[in-house]
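Residue numbers (the UniProt record's numbering): 1 to 123.
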């Protein structure tokens with residue numbers, strides 16, 4: 001799988017998937033992960049993780065191009081005043097559940113997956 005990185009017009013960093021992962025299955029899984037965050041659906045998040053693991057998708061892609069994209073959209077909606085702060089907390093719980101399952105799947109498959117990072121919020 002070839003991953004490319006680029007800087008967007010607003011100077012933010014964005015990863016994109018090229019070639020092999022442009023497969024409809026990978027795109028479907030990424031959309032499912034993103035939508036699970038937007039819909040606050042833990043079952044959909046878990047389903048996306050299981051499908052990604054079964055398909056051999058890179059866990060980093062699932063996190064960055066699926067779950068985090070959903071979190072960014074929730075954040076954008078909050079900044080516009082379209083959703084309350086509570087939605088950000090609810091979405092983060094769904095992401096936590098997805099990441100916990102991803103970590104346990106990685107452990108079962110003996111993958112070397114390191115989870116790191118913090119989210120800082122200013123309300």
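Glycine included, every Cβ here is placed at the ideal spot set by N, Cα and C. Keep in mind the model is a prediction, meaning the values are calculated, not measured.
Count the CB pairs spanning the region 52 to 60 and the region 83 to 96 that are closer than 8 Å, and state whether there are at least three.
-> The answer is no - the region 83 to 96 does not touch the region 52 to 60, with fewer than three Cβ pairs under 8 Å.
Can you give me the Cβ contacts of residue 44 inside the same chain, cut-off strictly under 7 Å, excluding the 5 residues immediately before and after it?
-> The answer, listed in chain order, is 32, 35, 36.
Those runs of the beta strand (DSSP E) which lie wholly inside the region 12 to 76 and span at least 3 residues | Counting whole runs of 3 or more residues, the region 12 to 76 contains the beta strand (DSSP E) stretches 13 to 18.
Whose C-beta lies closer than 8 Å to the C-beta of residue 41 among residues of the same chain, with five residues either side of it excluded?
-> Result list for residue 41: 35, 94, in chain order.
Beta-carbon separation (whole angstroms), residue 60 vs residue 101, contact threshold 8 Å | Contact doesn't hold; Cβ gap of about 16 Å is too wide.
Span of the alpha helix (DSSP H), counted from its first residue to its last, around residue 97 | Segment 85 to 108, the alpha helix (DSSP H) holding residue 97.
From residue 74 to residue 47, what does the alpha carbon distance come to, in whole angstroms?
-> Straight-line Cα distance between these residues: approximately 20 Å.
What number of angstroms, rounded off, separates the C-alpha of residue 76 from the C-alpha of residue 65?
-> Cα atoms of residue 76 and residue 65: separation of roughly 16 Å, rounded to the nearest angstrom.
Buried versus exposed call for residue 96 [16 or more other C-beta atoms within 10 Å across all chains shown] | Here residue 96 is exposed, its C-beta having fewer than 16 other C-beta atoms within 10 Å.
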